[in-house]
Amino acid sequence: MMHRVVFLGPPGAGKGTQAAQIARELSIPHLSTGDLLRAAVAARTPLGLEAEGYMRAGGLVPDALVLKILHERLEQPDARVGYLLDGFPRNLAQAEALGTFAELDGVISLDVAPDHLVRRLSERRVCPKCQSVYNLSTKPPKRGGTCDRDGTTLVQRPDDRPEAITTRLKVYDEQTAPLLEYYQERHLLRSVDASGAPDEVAARVRRALA
Ligand code: AP5
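So for the sequence shown, my numbering puts the first residue at 300; every next one is plus one.
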């Protein structure tokens, strides 16, 4: 089973959903640069304040900031046994930088048709307290608009509004999609059909990682 893995895919492909599940099963950390950046924004750190505007608009946060936050996280002891990277790298410069401080076992590409992506993103709701992720049609909360775990009122991510979704999909096509070829050339890429229910996708991901 591969233990140092990148989950690659467009916004809404299910990277966070799959990486969280598989990381639990493998007892390795799920490292999402989006989650790390959102935590920095919520804590109002200098890095978070600098990142916030880029994120809200759906653009990429400058490489130097993201590399700093990711590198620091990868140096923590729990990442020695392995990690699932979600949302990083996102452009060629980040992939090159990652190659200087980490060796990957594989890259899982989650493939979903574009119209599904928009739907999944517009229907996503998150708990601002524990960060649990819901979906109004595929994973609705049990009680109205509140978190099943802690009862907090769920919110929509600022970048899940229509204008920001459009920008994120464009940024993915222009800057992140070229990584598919980059990792294909390095014989690391494994493509997974990410349509269908999350459990079906997880079964395909497990097979790809074996
Ligand atoms: P990030 O948080 O990484 O966002 P993203 O890549 O746009 O990915 P998402 O979290 O939107 O989607 P996902 O694929 O994880 O899908 P999910 O599992 O939640 O980044 C946010 C921002 O931070 C960026 O725009 C950028 O500004 C900045 N940033 C982050 N990393 C950066 C980097 N490296 N460099 C520069 N900037 C960076 O699922 C989505 C929804 O669909 C959920 O509601 C879920 O319940 C539902 N769902 C999941 N799977 C299924 C399924 N199989 N069937 C039906 N519904 C499903």
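For every residue, glycine included, the Cβ atom is placed at its ideal position computed from N, Cα and C.
Are the C-beta atoms of residue i and some chain D residue less than 8 Å apart?
{"i": "H302", "result": "Any reference to chain D falls outside this structure, which holds one protein chain only."}
With residue i and residue j assumed to form a contact (beta carbons below 8 Å), what rounded beta-carbon distance in angstroms separates them?
{"i": "V454", "j": "V425", "result": "6 Å"}
{"i": "D278", "j": "K428", "result": "The requested residue 278 is not part of the displayed model; the chain covers only 300 to 509."}
{"i": "F385", "j": "F306", "result": "Note that residue 385 is Asp in the sequence shown here, rather than Phe. Contact holds; Cβ gap of about 5 Å."}
{"i": "D404", "j": "M301", "result": "4 Å"}
{"i": "V360", "j": "L488", "result": "In fact, because the Cβ distance is near 25 Å, the residues do not count as touching under 8 Å."}
{"i": "R372", "j": "L335", "result": "6 Å"}
Around the C-beta of residue i, are 16 or more other C-beta atoms found within 10 angstroms, so that it is buried, or is it exposed?
{"i": "K314", "result": "buried"}
{"i": "R423", "result": "buried"}
{"i": "A394", "result": "buried"}
{"i": "M354", "result": "buried"}
{"i": "T465", "result": "exposed"}
{"i": "V380", "result": "exposed"}
{"i": "T316", "result": "buried"}
{"i": "Q320", "result": "buried"}
{"i": "S326", "result": "exposed"}
{"i": "A463", "result": "buried"}
{"i": "R337", "result": "buried"}
{"i": "A509", "result": "exposed"}
{"i": "G357", "result": "buried"}
{"i": "A342", "result": "exposed"}
Skipping 5 residues on each side, what residues in its chain have a beta carbon closer than 7 Å to that of residue i?
{"i": "A322", "result": "P328, H329, L383"}
{"i": "S436", "result": "E422"}
Cutting at 6 Å between CB atoms, please list the residues of its own chain near residue i, excluding the five before and the five after it.
{"i": "R419", "result": "G311"}
{"i": "G333", "result": "G386"}
Bridge partners for residue i per DSSP, in chain order?
{"i": "F306", "result": "D385, I407"}
{"i": "V425", "result": "V432, V454"}
{"i": "K438", "result": "N434"}
{"i": "D329", "result": "Before going further, note that residue 329 is His rather than Asp in the sequence given. According to DSSP, which records beta bridges pairwise, H329 is partnered with L383."}
Within a Cβ cutoff of 8 Å, which residues of the same chain sit near residue i, ignoring the five residues on either side of it in sequence?
{"i": "P440", "result": "R424, Y433, C446, D447, L453"}
{"i": "L348", "result": "V340"}
{"i": "L468", "result": "P309, P310, P413, L416, V417"}
{"i": "H370", "result": "F400"}
### Query
Pairing CB atoms from the segment 355-367 with CB atoms from the segment 403-421, are three or more of them under 8 Å?
The segment 355-367, when compared against the segment 403-421, does not touch it at the 8 Å Cβ threshold.
### Query
Do the segment 376-391 and the segment 477-485 make contact, defined as three or more Cβ pairs closer than 8 Å?
Cβ pair count under 8 Å is three or more, so yes.
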